[in-house]
Amino acid sequence: MVPWPPRSNRGGIGALCPGGAGRGAMKRSASGGGVEYTHDDAARLESVRKVYGRRGNTVVALGGVTLGFERATFTAIMGPSGSGKSTLLNVAAGLDRPTSGSVVLDGTDVSALSETELTRLRRERIGFVFQAFNLLPALTVEQNITLPLRMAGRTADRAQVAEVIDRIGLGGRRRSRPAELSGGQQQRVAIGRALVSRPVAIFADEPTGALDLRTAREVLTLLRDSVRALGQTVVMVTHDPNAASYAERVVFLADGHLAGELGQPTPEAVARQMVELGAWDRLPQQPGPEG
Ligand code: ADP
Numbered sequence: 372m373v374p375w376p377p378r379s380n381r382g383g384i385g386a387l388c389p390g391g392a393g394r395g396a397m398k399r400s401a402s403g404g405g406v407e408y409t410h411d412d413a414a415r416l417e418s419v420r421k422v423y424g425r426r427g428n429t430v431v432a433l434g435g436v437t438l439g440f441e442r443a444t445f446t447a448i449m450g451p452s453g454s455g456k457s458t459l460l461n462v463a464a465g466l467d468r469p470t471s472g473s474v475v476l477d478g479t480d481v482s483a484l485s486e487t488e489l490t491r492l493r494r495e496r497i498g499f500v501f502q503a504f505n506l507l508p509a510l511t512v513e514q515n516i517t518l519p520l521r522m523a524g525r526t527a528d529r530a531q532v533a534e535v536i537d538r539i540g541l542g543g544r545r546r547s548r549p550a551e552l553s554g555g556q557q558q559r560v561a562i563g564r565a566l567v568s569r570p571v572a573i574f575a576d577e578p579t580g581a582l583d584l585r586t587a588r589e590v591l592t593l594l595r596d597s598v599r600a601l602g603q604t605v606v607m608v609t610h611d612p613n614a615a616s617y618a619e620r621v622v623f624l625a626d627g628h629l630a631g632e633l634g635q636p637t638p639e640a641v642a643r644q645m646v647e648l649g650a651w652d653r654l655p656q657q658p659g660p661e662g
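With the first letter of the sequence shown counted as 1, position 251 gets the number 622 in our numbering; the numbers rise by one all the way through.
Put into structure tokens, the structure is as follows:
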């Protein structure tokens, strides 16, 4: 467990960002049209607060979080229920705006964008994977995968689409409809749909929450391979220490604040940390080996 913040850089932004303090440097753009960031994170949150509700009845979901997601890395976000994981994911992915602080996606400060510009940025540069797959039932595997390209007005490059379908292991099922596929296969289609536009980052909210152990492994291996083989950036919320162990870094949240971080996590170490954070009363009997 890394002490929080690490002793070498207490209070410093770089402490929270792999790559060091110098990488988060920020400067005003010469044109005055917003802020340019010199660091190279795929996504970055700076002092992000998210408060829901109105005066007298507010919930602080995120209480000032600074966190970077380096390109071509796989990060898991964990923490007790209500600790702010989904809020963090939604804000980092540009699905929701912070109350204060800034979110930088692929070098663009999203607070400077209009709703239309933000929608375009999400469509063109961000991939999403949800627990419930969210495929369109009337469309085939191939049509579901190419949907984001068509929505962005781009023509699907046949070779690129074939490569994605091969990567998700559904070469023989390109004309199947979601109802004809298992849950694991449907989630692989959702990952293919996220991968096809080669986004700067894929944000996944409990992607294995509806899957059994074996199919969960397939989906997690696919996510991990997309990081290793394609240089994809993946950020995944999960409550499962086994799932988190597929990531190379686990960031823990508690009460809307960063509560620690583990590198090269094992299921056992992740589970111990969850107990320490009060998410669970005790360790699970058998966290089980990671795949
Ligand atoms: P987690 O994903 O870790 O379970 P969430 O990000 O969903 O946590 O929620 C963090 C806190 O913010 C919780 O107290 C939750 O009740 C509150 N919250 C989340 N979304 C909303 C919302 N739309 N309106 C009001 N409160 C919300």
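Virtual Cβ for every residue (Gly too), placed ideally from N, Cα, C.
Can you grab the Cα-Cα spacing for the pair residue i / residue j, in whole Å?
i	j	result
T409	L476	Its pLDDT being 48, under 50, T409 is placed unreliably by the model, and the measurement read from it follows with that caveat. So the alpha carbons of these two residues sit roughly 12 angstroms apart.
L416	R426	25 angstroms
L541	G634	32 angstroms
Q514	P636	36 angstroms
V532	I562	12 angstroms
Q603	T444	7 angstroms
D537	V560	11 angstroms
V535	F504	17 angstroms
S553	R599	26 angstroms
S471	K421	7 angstroms
V622	L492	25 angstroms
A527	P570	15 angstroms
L594	T458	21 angstroms
V590	S454	25 angstroms
P389	A642	Reliability fails at P389, whose pLDDT of 34 lies under 50, so the model's placement of it is uncertain and the value that follows must be treated cautiously. Distance between the alpha carbons of P389 and A642: 23 angstroms.
A565	I539	11 angstroms
S616	T446	10 angstroms
E488	G543	37 angstroms
G580	G435	28 angstroms
R673	T490	Residue 673 lies beyond the range of the chain shown here (372 to 662); nothing can be said about it.
T592	D467	29 angstroms
H610	R529	37 angstroms
Throw me the rounded Cβ distance for the residue i and residue j pair, which I believe falls under 8 angstroms.
i	j	result
G450	A630	7 angstroms
I516	A464	The Cβ separation is near 20 angstroms, so there is no contact.
Q558	P578	6 angstroms
M607	A575	4 angstroms
V419	V481	Actually they do not touch by this definition, with Cβ atoms about 11 angstroms apart.
L510	L518	7 angstroms
Y423	A432	6 angstroms
Excluding the five sequence neighbours on either side, which residues of its own chain have a C-beta within less than 7 angstroms of the C-beta of residue i, listed in chain order?
i	result
G649	P451
M522	R494
A640	L633
L460	I448, F574, D576, V606, V608
E486	none
With which residues is residue i paired in a DSSP beta bridge?
i	result
A414	F440, L476
E632	V622
N428	R425
V608	I448, D576
L693	Lying before the first or after the last residue shown, residue 693 is absent from the chain, which here runs from 372 to 662.
Go through its chain and collect everything with a Cβ distance to residue i's Cβ below 6 angstroms, but skip five positions before and after it.
i	result
S547	V512
P549	L506, P508, Q557
F501	D576
M645	W651
H628	G434
R442	A413, T604
Which same chain residues, not among the five before or five after residue i, have their C-beta less than 8 angstroms away from its C-beta?
i	result
K456	I448, M449, G450, V608, L624
Minimum length 4: unbroken alpha helix (DSSP H) runs contained in the stretch 448-526
456-463, 486-496, 512-522
Mind pulling the alpha helix (DSSP H) runs of 4 or more residues that sit fully within the stretch 531-574?
554-566
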